[in-house]
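S.K.: Sequential numbering of the sequence shown, starting at 52, is according to my numbering. Every residue, glycine too, gets a C-beta built ideally from N, C-alpha and C.
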Amino acid sequence: VDDLQKAKNFYSEVLGLEVKDNPMGLIELHIAGSNNIIVYPKPNHEPATFTILNFPVDNIDKAVVELISKGVQFEQYEGRIKTDGKGICRNPQGHKITWFKDPAGNILSLIER
Numbered sequence: 052v053d054d055l056q057k058a059k060n061f062y063s064e065v066l067g068l069e070v071k072d073n074p075m076g077l078i079e080l081h082i083a084g085s086n087n088i089i090v091y092p093k094p095n096h097e098p099a100t101f102t103i104l105n106f107p108v109d110n111i112d113k114a115v116v117e118l119i120s121k122g123v124q125f126e127q128y129e130g131r132i133k134t135d136g137k138g139i140c141r142n143p144q145g146h147k148i149t150w151f152k153d154p155a156g157n158i159l160s161l162i163e164r
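Printed below as a string of structure tokens:
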């Protein structure tokens with residue numbers, strides 16, 4: 052990320068994750084049932100052009116409304132992954148996914164279980 056404090060605030064306050072400072076000057080995202088995820092500052096950071104982290108949710112519509120209320124903007128796509136007005140891709144096979152960015156511009160997603 053380009054700004055560790057902005058990332059820390061976003062992941063803890065907006066996404067509601069447990070975030071801890073790492074003694075090496077990094078932050079750790081603690082996600083139940085998963086390994087910890089390390090977030091580190093990088094000079095001349097350029098956002099990934101692909102999804103770097105997926106968050107499974109039970110109800111994607113509810114999660115999207117909650118995050119919109121916290122200021123998150125969801126990506127809009129056309130074509131094979133066309134999204135609706137909420138930014139949700141509703142795959143004919145029943146999969147639902149939506150994408151948004153962290154403050155550093157990295158792409159994250161919510162996936163309905």
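DSSP three-state call for Phe-101: helix, strand or coil?
M.R.: Here Phe-101 sits in coil by DSSP.
S.K.: Find the nearest neighbour of Ile-78 within the set Val-115, Asp-53, Thr-100 and Leu-118, judged by alpha-carbon distance.
M.R.: With distances taken between Cα atoms, Ile-78 lies closest to Asp-53.
S.K.: Which residues in the same chain have their Cβ closer than 6 Å to the Cβ of Asn-73, if we skip the five residues on either side of it in sequence?
M.R.: If we look at Asn-73 and ignore the five residues flanking it on each side, its Cβ neighbours are Glu-79.
S.K.: Please state whether DSSP places Ser-160 in a helix, a strand or coil.
M.R.: Ser-160: strand per DSSP, three-state reduction.
S.K.: Could you work out which residue in Phe-101, Val-116, Gly-84 and Met-75 is closest to Val-90 when comparing CA atoms only?
M.R.: Ranking Phe-101, Val-116, Gly-84 and Met-75 by Cα distance to Val-90 puts Met-75 first.
S.K.: Which first and last residues belong to the alpha helix (DSSP H) in which Lys-113 is found?
M.R.: That run of the alpha helix (DSSP H) goes 111-120.
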